[in-house]
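J.: Following this message is one structure expressed as structure tokens.
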Amino acid sequence: MGEPAGPRYEGWEDRSGQRGPEQQPAGWGPGASPPGGPRPSPRRRPVRACLVAGLALTGLAVLAAVALGAVLLGTYEDPRRDDHDGDVQLSSCRVDAATNWPSADLMVTNRSSKPSDYHISVEFLAPDGLRLDEAHVFLTRVAPGQQARDTAQSLTRVDRPVTCRVTDVFRTASP
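With my numbering, letter number 156 in the sequence shown gets 1169, and the count goes up by one each step, no holes.
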């Protein structure tokens, strides 16, 4: 005959391989469930809780870093702004005859007391008011009182005259 099988272990074992008591409450045999249904493994709860807490803390850390970066890099609006929409004037609005791309020439005057960066949005409209496209201009480090020229250029071909309108001006203090 063969060798007798080793003792069958019916207790618990942790990750390190250490075994716990082999005694089980009455009525708990192999394949039986404790009263009230099966219980989750006790070592899963701390892992899930740590994972959830870690993800939550990581999310908060990312939000804090973004907020701190916004403050330190100057992406906040100039607190002394005096209607900076008046800083931008349209010089011309046209459709290029060769490419059929609309464009708008802009004159920007920094009326603040600090060097500023500008993000300007311009939309191009058909004569009936239909919005055809939009273009953006970015100017950096425009000194106080300084004027700068730039062109908002669309890459959408149009086959009719357009009118141009500045839709948004966002001025921030330069870093």
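Don't be surprised by glycine CBs; every beta carbon is placed ideally from N, CA and C.
Quick one: residues in its chain with C-beta nearer than 6 angstroms to the C-beta of residue 1181, no 5 flanking neighbours on either side, listed in chain order?
T.: 1134
J.: Assuming residue 1166 is part of the beta strand (DSSP E), what are its boundary residues?
T.: 1160 to 1166
J.: Select from 1179, 1187, 1146 the residue whose C-alpha is nearest the C-alpha of residue 1126.
T.: Distance from the Cα of residue 1126 is smallest, within the candidate group 1179, 1187, 1146, for 1187.
J.: For residue 1164, which of 1116, 1170, 1138 has the nearest alpha-carbon?
T.: Measuring from the Cα of residue 1164, the nearest candidate turns out to be 1116.
J.: Contact defined as beta carbons within less than 8 angstroms: I believe residue 1137 pairs with residue 1177. What is the distance between those atoms, to the nearest angstrom?
T.: Rounded to whole angstroms, the Cβ separation of residue 1137 and residue 1177 is 6 angstroms, and the two are in contact under 8 angstroms.
J.: Between the Cα of residue 1101 and those of 1071, 1121, 1110, 1111, spot the shortest distance and give me the residue it belongs to.
T.: 1121
J.: Does the separation of the CB atoms of residue 1153 and residue 1130 fall below 9 angstroms?
T.: yes
J.: Taking the beta carbon of residue 1184 as the centre, do at least 16 other beta carbons fall within 10 Å, making it buried, or is it exposed?
T.: buried
J.: Return the chain-ordered list of same chain residues with a C-beta closer than 6 angstroms to the C-beta of residue 1148, the five sequence neighbours on each side being excluded.
T.: 1135, 1165, 1166, 1167
J.: With a threshold of 8 angstroms on Cβ separation, who are the neighbours of residue 1162 within its own chain once the five nearest residues in sequence on each side are excluded?
T.: Closer than 8 angstroms at the Cβ level, and outside the excluded window around residue 1162, lie 1104, 1118, 1119, 1120, 1121.
J.: Distance check for residue 1128 and residue 1155, CA to CA, integer angstroms please.
T.: Whole-angstrom Cα-Cα distance: 5 angstroms.
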